[in-house]
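A short worksheet on the structure shown next.
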Amino acid sequence: MSADPTPKKTPLYDVHAALGANLVDFAGHLMPLRYASETAEHKAVRTGAGLFDLSHMGEIFLTGPQAAAALDHALVGNITPMAVGKARYTMICAPDGGVLDDLIVYRLAAETYLVVANASNVAVVRDALVERAKDFETEVDDRSDAYALIALQGPDAQDILLRFTEAPLPELKYYAILSGTVAGVDALIARTGYTGEDGFELFVAAADAVKLWNVLAGVEGVVPSGLSARDTLRLEAGMPLYGNELTAETTPFEAGLGRVVKFEKSGDFVGRDALAARAEAAAGRRLVGLVARGRRAPRKGYAVVGPDGTPCGVVTSGAPSPTLGKPIAMAYLDASVPEDTSELAVDVRGRHEPVDVVALPFYKRS
Amino acid sequence: MSVPEQLRYSEEHEWVAGLDNEDRIVTVGITQHAADALGEIVFLELQPGEGDTVEAGEACGEVESTKSVSDLYSPVSGEITAINAAVIDEPKVINDDPYGEGWIFKVRITDEPGDLLDAAAYDKLTEES
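So the sequence lines, in the order shown, correspond to chains A and B. Read in order, the letters of the first sequence are residues 5 to 370 in the working numbering. Read in order, the letters of the second sequence are residues 39 to 167 in the working numbering.
See below:
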């Protein structure tokens, strides 16, 4: 981890400042929390289009004849069978099975892979990849500072983007990527996101970020959106956030994401034995969705309590849901809590506010 | 950000209006700076009701926004004479008009108010934060 106390500015910092964004230090980067109303930003993504600066995310490239083999060894996913132009959601785990980060891996060319890491974990992921890839014929190159990442998310995203690119977006499937030109800027265009809506993530050279942002932000109906809206969007979509649902103390199984661990792949991978053992024992705690009956939002760290007031879980994320109009949360429940329980509450600063357990996600686009 | 000249401020980002009123009833709310920092306010609760007493500097309620929960402090000591039902009902009014329609409660002050800040001092406090 960097000990540098001065947060970095993304290539779009001046644009955010000019828009009057509330800028906060997030994982060592000054990022827009919101521009005006985070609820309006959230709703724009659900109904039209929102524009996000995600340049704090890490872009790490692996290149070489054994890049795929190195990733198969370093990550829990099965990378070798991926076709060029495809993306995969996966994780990098510690030898004890704990999650170091959740990642998206894109296969850009036969021997070129892009690993996108969370801002808070870029150094951890890069260092682990360098170490784990050292016996393979591949280069690991952290190019996070050279790239800006701009996301256009929402049901109108494709129509808007098509005004500025000749890339065949209608043929680009979810979790796929192609290279093209958007508004005259060379971009890697990925149909991925973290909002529960259709949308695109555009990887561009840092120097081109302002030009691309201004073109997209200039489209009527496109709403610049901050991290606050991004958090409620991903929460409604039931997507985990590293540091909340996923930590180095959590396995993918507890988070309900055991499907990303590909034991069937050939060869050893870091964490395999520990994960196999912990998969067996995963009848421990489980991640669930909660909907509050009242108006108080369960928050990260609040205890979930049973009928007699005994703690039986912990909230990992929670917020008022703009789409549902009531507070929602994700929480880990102890194994002892019955599946059909209807007697849970969350300790909101000393008061037990009743909640209902629901299946994730809270919101699924139609 | 400039703050209204005629108000007085607490370090916990409440404002007080009407300290010179003959009936000793003052109006209390939270500042624009606080409202902006909290984000959109979705829930507001005052623990004491009308007729109850509050002590300066003591927590007397909670403000919950999309992102966080904060305690609300009374900047003065006295008896609560009114609570703004409109902001309890729709707390977002505080974001829209923190110094006007977004007032939160009124207090008949009993003790002389302590170290409240004038507008210039409050401006300085928020610039440093």
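Ideal placement from N, C-alpha and C gives every residue a C-beta, glycine not left out.
At a CB distance below 7 Å, what residues from the stretch 282-303 of chain A approach chain B? Give them in sequence order.
R299, R300, A301, R303
Looking only at DSSP bridge pairs, what is I126 of chain B linked to?
Counting from 1 along the second sequence, the entry for residue 126 of chain B is found at position 88. DSSP output for I126 of chain B lists no bridge partner at all.
From D76 of chain A to L133 of chain A, what distance separates their C-alpha atoms?
The sequence position of residue 76 of chain A within the first sequence is 72, counting from 1. The sequence position of residue 133 of chain A within the first sequence is 129, counting from 1. C-alpha separation (whole angstroms): 11 Å.
At the level of alpha carbons, what is the spacing between V214 of chain A and E268 of chain A?
Residue mapping note: residue 214 of chain A aligns to position 210 of the first sequence, counting from 1. Residue mapping note: residue 268 of chain A aligns to position 264 of the first sequence, counting from 1. Using only the alpha carbons, I get a separation of about 44 Å.
Any idea what DSSP makes of N82 of chain A, helix, strand or coil?
Taking the first sequence and counting its residues from 1, one reaches residue 82 of chain A at position 78. N82 of chain A falls in the coil class under three-state DSSP.
Could you tell me which chain B residues have their CB closer than 8 Å to the CB of R50 of chain A, listed as they occur along the chain?
Looking up residue 50 of chain A in the first sequence gives position 46. Chain B residues near R50 of chain A: none, gap ~15 Å exceeds 8 Å.
Cβ of A323 of chain A less than 8 Å from any chain B Cβ?
The count along the first sequence starts at 1 and reaches residue 323 of chain A at position 319. A323 of chain A counts as touching chain B.
In terms of residue numbering, what span does the beta strand (DSSP E) encompassing V129 of chain A cover?
Taking the first residue of the first sequence as position 1, residue 129 of chain A is located at position 125. Taken as a continuous stretch (DSSP letters only), V129 of chain A belongs to no beta strand (DSSP E), being part of the alpha helix (DSSP H) at 126-136.
Roughly how many angstroms lie between the CA atoms of S6 of chain A and G52 of chain A, to the nearest whole one?
The residue given as residue 6 of chain A occupies position 2 in the first sequence. The residue given as residue 52 of chain A occupies position 48 in the first sequence. Caution is warranted here: a pLDDT of 46 is assigned to S6 of chain A, below 50, making its placement in the model unreliable, and the coordinate value is therefore given only provisionally. Whole-angstrom Cα-Cα distance: 38 Å.
Same chain, Cβ closer than 8 Å to T94 of chain A, neighbours up to 5 away in sequence not counted
For the purposes of this step, residue 94 of chain A is identified with residue 90 of the first sequence, where counting begins at 1. Result list for T94 of chain A: L79, V80, G81, I83, D106, L107, I108, V109, V264, in chain order.
Which residues does DSSP list as the beta-bridge partners of G148 of chain A?
Translated into positions along the first sequence, residue 148 of chain A becomes position 144. The residue you asked about is not Gly; residue 148 of chain A is Ser in the sequence shown. DSSP output for S148 of chain A lists no bridge partner at all.
So the candidates are A:P174, A:Y198, A:A152, A:V189; which of them puts its Cα closest to the Cα of L237 of chain A?
Within the first sequence, numbered from 1, the residue matching residue 237 of chain A stands at position 233. Taking only the C-alpha atoms, the option nearest L237 of chain A is A:Y198.
Could you check if R355 of chain A is buried or exposed, using at least 16 other CB atoms within 10 Å of its CB as the buried criterion?
By 1-based counting over the first sequence, the position of residue 355 of chain A is 351. By the 10 Å Cβ count, R355 of chain A comes out exposed.
What are the residues of the stretch 10-44 of chain A that lie near chain B, defined by any Cβ-Cβ distance shorter than 8 Å?
N26, L37, R38, S41, E42, T43
Nearest-angstrom Cβ-Cβ length linking V41 of chain B and V54 of chain B, presumed shorter than 8 Å
Position 3 of the second sequence, counted from the start, is the residue given in the question as residue 41 of chain B. Position 16 of the second sequence, counted from the start, is the residue given in the question as residue 54 of chain B. Their Cβ separation, rounded to whole angstroms, is 12 Å, which puts V41 of chain B and V54 of chain B out of contact at 8 Å.
Cβ shell of P151 of chain B (< 6 Å), same chain only, five flanking positions each side left out
By one-based count along the second sequence, residue 151 of chain B stands at place 113. Result list for P151 of chain B: V114, in chain order.
Would you decide whether L216 of chain A is buried or exposed? Buried here means 16 or more other CB atoms lie within 10 Å of its CB.
Here residue 216 of chain A corresponds to residue number 212 of the first sequence, with the count starting at 1. Per the 10 Å Cβ criterion, buried.
At what residues does the alpha helix (DSSP H) containing I164 of chain A begin and finish?
Position 160 of the first sequence, counted from the start, is the residue given in the question as residue 164 of chain A. From DSSP, the alpha helix (DSSP H) with I164 of chain A extends over 161-166.
Under 7 Å Cβ to Cβ from S103 of chain B, same chain only, skipping five residues before and after it: list those, please.
By one-based count along the second sequence, residue 103 of chain B stands at place 65. For S103 of chain B, where only same-chain residues beyond five positions count, the Cβ hits under 7 Å are L76, G77, E78, I79, V80.
Going along the chain, which residues of its own chain have a beta-carbon closer than 7 Å to the beta-carbon of R62 of chain B, five neighbours each way excluded?
Mapped onto the second sequence, residue 62 of chain B falls at position 24. Same-chain partners within the cutoff: R146, I147.
State the Cα-Cα distance for the pair D139 of chain A and E253 of chain A, rounded to the nearest angstrom.
The residue you call residue 139 of chain A lines up with position 135 of the first sequence. The residue you call residue 253 of chain A lines up with position 249 of the first sequence. Each residue's alpha carbon lies about 28 Å from the other.
Mind checking the stretch 115-134 of chain A against chain B and listing, in chain order, the residues whose C-beta falls within less than 9 Å of any C-beta there?
none
Distance cutoff 8 Å, beta carbons only. Does G140 of chain B sit that close to anything in chain A?
Here residue 140 of chain B refers to the residue found at position 102 when the second sequence is read from its first residue. False, the Cβ-Cβ gap to chain A never drops below 8 Å.
For I121 of chain B versus L84 of chain B, is the C-beta spacing smaller than 8 Å?
Residue mapping note: residue 121 of chain B aligns to position 83 of the second sequence, counting from 1. Residue mapping note: residue 84 of chain B aligns to position 46 of the second sequence, counting from 1. In this structure, L84 of chain B lies closer than 8 Å to I121 of chain B by Cβ.
Amino acids of chain A, ordered along the chain, whose beta-carbon sits closer than 7 Å to that of V41 of chain B
The residue given as residue 41 of chain B occupies position 3 in the second sequence. Under the 7 Å cutoff, chain A gives no residues; its nearest Cβ is about 17 Å from V41 of chain B.
Can you find a C-beta in chain B that's less than 8 Å from the C-beta of R353 of chain A?
Locating residue 353 of chain A in the first sequence gives position 349, counting from the first residue. For R353 of chain A, the answer is yes, since a Cβ of chain B falls inside 8 Å of its Cβ.
Would you check if the stretch 149-159 of chain A and the stretch 173-181 of chain A touch, i.e. whether three or more CB-CB distances between them fall below 8 Å?
no
If contacts are defined as beta-carbon pairs under 8 Å, then G146 of chain A and G62 of chain A qualify, I think. What distance do you get, rounded to the angstrom?
Position 142 of the first sequence holds residue 146 of chain A. Position 58 of the first sequence holds residue 62 of chain A. The amino acid at residue 146 of chain A is misidentified as Gly; the sequence shows Asp. That pair is a contact at about 7 Å.
Helix, strand or coil at Q85 of chain B according to DSSP, with G and I counted as helix:
For this step, residue 85 of chain B is matched to residue 47 along the second sequence. Of the three classes helix, strand and coil, the one that applies to Q85 of chain B here is coil, per DSSP.
Based on DSSP bridge pairs, tell me the residues matched to T94 of chain A.
As a working note, residue 94 of chain A is residue 90 in the first sequence. Beta-bridge pairing links T94 of chain A to A:L107.
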